[in-house]
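K.L.:
Everything in the sequence shown is counted per the numbering used here, starting at 6 for the first residue and increasing by one.
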Amino acid sequence: MSDAYIRQLESLKQVLLASGLGEIVEPDESAIKRHKELYAIIIDRIQQGGGQISFADYMHAALYEPGLGYYVSGLRKFGEGGDFVTAPEISPLFAQCLGNQVQQVYRILEKQGTALTILEFGPGTGILAATLLEYLQQINCLPEKYYMLEVSPTLMQRQKQTLMESNPEWLHRVQWLQALPKSFSGIVIANEVLDAMPVEVFQFTANAPEQACIGIDSEDPDQLSWCTQALTGDLAKRVAMLGDQCGPSFVDGYRSEVNLWIDPWIKSIADIIDTGLVMLIDYGYPRREYYHAERTSGTLMCYFQHRAHDNALLLPGLQDITAYVDFTAVALAAVAADMTVAGFVPQAQFLLGCGLDRLLSKQMQQDPVAQAALSQQVKRLTMPGEMGERFKVLGLSKQIDEPLIGFSIADQTHKL
Ligand SMILES: C[S@@+](CC[C@H](N)C(=O)[O-])C[C@H]1O[C@@H](n2cnc3c(N)ncnc32)[C@H](O)[C@@H]1O
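Shown next as structure tokens:
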């Protein structure tokens with residue numbers, strides 16, 4: 006087992022070097038120990054499962070196995086010393102724009118005499134909550150409660166620390182939940198949460214669909230490998246339905262993903278919101294682009310020390326594994342759960358609709374270095390080659406008729 010780790014690390018270095026992505030810092034002893042423990046669990050599950058497990062089960066273990074998975078271990082993930090940077094980490098302007106959208110819903114609820122609650126899924130380091138609360142206080146729209154739903158005990162500690170450091174006064178409004186509240190009115194925020202949900206993988210061999218699973222390499226019992234099995238159950242139904250809609254794409258060798266968690270997740274949210282807006286921010290496409298004929302190897306992407314590659318079998322527990330979001334699937338799940346699609350726009354248009362330019366002009370800096378830093382943040386959030394186009398915002402509403410400011414520029418709901 007021990008050299009399984011060394012060989013995976015070597016494979017990762019080769020993958021990165023071949024892509025021109027350079028040297029990495031080797032994981033420390035405790036991270037290697039956790040990875041080895043997780044690896045042994047995955048191998049055991051494959052053996053118990055008759056030689057294979059589904060990719061979703063593998064991805065769930067790699068990211069969320071208690072104490073060992075990437076998101077639940079103490080590993081540093083966010084920021085410069087981690088593996089990736091998210092929008093609220095890049096600039097406070099992101100949370101402030103969201104704050105302007107919250108303000109509009111706050112006023113709608115105020116007219117009905119209802120207090121606004123915010124529920125954030127997967128709050129990361131807590132920076133979005135801290136910046137948003139600070140801004141909402143400035144514009145007199147503080148929520149009655151700010152719920153956080155976090156699966157990682159270590160991230161929960163990190164969030165508490167961030168909020169303590171930014172303003173302990175707000176802590177009494179913040180509540181960490183183990184399960185969804187019974188009901189509430191207000192805003193749901195999930196930034197880069199959908200892409201971190203486990204997906205199933207399917208592929209076409211000789212033009213027939215099958216499920217791509219994870220097994221043990223027949224020539225090297227220390228290594229994981231891809232294998233296949235017949236499609237069954239919900240995955241079979243979903244792939245057949247996709248075949249009807251995107252048929253010409255699905256030819257020999259085509260491989261892609263399906264997130265079967267979306268429908269129950271959206272339904273669980275729709276069931277508890279009385280009046281409000283769900284803001285889902287993530288990288289993804291409408292269905293026809295997602296299952297485009299040219300996207301022959303799907304959208305799985307792994308992050309390790311700010312380098313992206315597509316080998317999800319390397320070093321489970323030590324690298325992030327993600328898949329792009331099929332926003333059409335999310336919108337359909339919402340409509341089936343009696344929610345309304347309030348809008349669908351690229352992140353840049355959403356931020357502009359929420360007043361990014363006004364916020365920016367108020368924050369103009371005299372100091373040229375500070376001004377350059379601010380401009381750099383805006384570029385990263387809005388430029389098409391950065392997050393501006395790749396990231397989309399899908400708004401789902403319940404009992405809100407007023408057009409929402411975030412979707413007032415170039416709404417692309419028709420593309421879903
Ligand atoms: C890429 S991080 C994004 C963190 C943060 N939202 C940000 O923007 O910095 C993804 C987070 O989503 C969380 N997550 C994934 N599925 C979840 C679910 N069903 N409920 C709550 N959190 C979830 C993960 O634990 C992880 O913390």
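Note that the Cβ used here is the ideal one computed from N, Cα and C, for glycine as well.
What you are looking at is a predicted structure, and each value in this text was computed from that prediction instead of being measured.
Please indicate yes or no: does the CB of M202 lie closer than 7 Å to some heavy atom of ligand 1?
P.N.:
Yes, Cβ of M202 sits closer than 7 Å to a heavy atom of ligand 1.
K.L.:
Please classify K187: is it buried, with 16 or more other beta-carbons within 10 angstroms of its beta-carbon, or exposed?
P.N.:
exposed
K.L.:
Cβ atoms of A67 and I326: under 8 Å apart, would you say?
P.N.:
yes
K.L.:
Whose C-beta lies closer than 8 Å to the C-beta of A211 among residues of the same chain, with five residues either side of it excluded?
P.N.:
D257
K.L.:
Quick one: grab the DSSP three-state call for Q166.
P.N.:
helix
K.L.:
To which residues does DSSP link V206 through a beta bridge?
P.N.:
A217, E262
K.L.:
Do T122 and P93 have their beta-carbon atoms positioned less than 8 Å apart in this structure?
P.N.:
no
K.L.:
Using the beta-carbon count (16 or more within 10 Å), is L182 buried or exposed?
P.N.:
L182 comes out exposed.
K.L.:
Between N87 and the rest of its own chain, which residues show a CB-CB distance below 6 Å, the 5 nearest in sequence each way excluded?
P.N.:
For the record, residue 87 in the displayed sequence is Gly; it is not Asn. Hits under 6 Å: R81.
K.L.:
Give me the residue from D227, Q234, V198 with the minimum Cα distance to E215.
P.N.:
Q234
K.L.:
Rounded to whole angstroms, what is the Cα-Cα separation between P291 and T333?
P.N.:
5 Å
K.L.:
Short of 7 Å in beta carbon distance, which residues of its chain neighbour I410, apart from the five on each side in sequence? Order them along the chain.
P.N.:
If the five residues before and after I410 are omitted, its C-beta is found closer than 7 Å to the C-beta atoms of N105, Q106, Q109, G358, C359, all from its own chain and listed in chain order.
K.L.:
Looking at the strands, I want to know which residues DSSP matches up with K150.
P.N.:
T122
K.L.:
With a 10 Å radius around its C-beta and 16 neighbouring C-beta atoms as the bar for buried, classify M6 as buried or exposed.
P.N.:
Caution is warranted here: a pLDDT of 46 is assigned to M6, below 50, making its placement in the model unreliable, and the coordinate value is therefore given only provisionally. Label assigned to M6: exposed.
K.L.:
If we count Cβ pairs, one from each stretch, closer than 8 Å, do we get three or more for the region 334-351 versus the region 258-267?
P.N.:
yes
K.L.:
Whose CA, out of E197, N316, F83, lies closest to the CA of A23?
P.N.:
N316
K.L.:
What did DSSP end up calling M6 once you bin it into helix, strand or coil?
P.N.:
Low local confidence applies: a pLDDT of 46 at M6 is under 50, so the model's placement there is unreliable, and no value is given.
K.L.:
Short of 6 Å in beta carbon distance, which residues of its chain neighbour S302, apart from the five on each side in sequence? Order them along the chain.
P.N.:
R260
K.L.:
Suppose the cutoff is 6 Å on Cβ atoms and the five residues either side in sequence are ignored; what does the same chain contact list for L26 look like?
P.N.:
R312
K.L.:
Check I113 in the structure and name its three-state DSSP category.
P.N.:
helix
K.L.:
Can you give the Cα-Cα distance for V304 and A328, rounded to whole angstroms?
P.N.:
The amino acid at residue 304 is misidentified as Val; the sequence shows Thr. Each residue's alpha carbon lies about 5 Å from the other.
K.L.:
Could you spell out where the alpha helix (DSSP H) holding L138 opens and where it closes?
P.N.:
132-143
K.L.:
Restricting to runs no shorter than 3 residues, where is the beta strand (DSSP E) found entirely within the region 305-354?
P.N.:
306-309, 312-314, 325-327, 345-351
K.L.:
Could you give the distance in angstroms between the alpha-carbon of P428 and the alpha-carbon of Q310?
P.N.:
As displayed, the chain neither begins before 6 nor continues past 421, which places residue 428 out of reach and without an answer.
K.L.:
Classify Q13 as buried or exposed, calling it buried when 16 or more other Cβ atoms lie within 10 Å of its own Cβ.
P.N.:
buried
K.L.:
In angstroms with no decimal places, state the Cα-to-Cα distance between V30 and L17.
P.N.:
12 Å
K.L.:
So what does DSSP say about L98, is it helix, strand or coil?
P.N.:
helix
K.L.:
State the DSSP-derived secondary structure class of L182, mapped to helix, strand or coil.
P.N.:
strand
K.L.:
What first and last residue would you give for the alpha helix (DSSP H) that runs through T387?
P.N.:
373-387
K.L.:
If you count every other CB in all the chains shown that lies within 10 Å of the CB of S223, and 16 or more means buried, which is it?
P.N.:
Its Cβ having fewer than 16 others within 10 Å, S223 is exposed.
K.L.:
Quick check: is any heavy atom of ligand 1 less than 7 Å from the C-beta of F349?
P.N.:
no
K.L.:
Leaving aside the five residues before and after R50 along the sequence, list all residues of the same chain whose C-beta is less than 8 Å from its C-beta, in chain order.
P.N.:
I58, D62, A66
K.L.:
Just the Cα atoms here: how many angstroms apart are Y75 and Y10?
P.N.:
16 Å
K.L.:
Does the distance from the CB of T280 to the CB of S190 come in under 8 Å?
P.N.:
yes
K.L.:
Does the Cβ of Q324 have 16 or more other Cβ atoms within 10 Å, making it buried, or fewer, making it exposed?
P.N.:
It counts as buried.
K.L.:
Determine whether the beta carbon atoms of D287 and L199 lie at a separation below 8 Å.
P.N.:
yes
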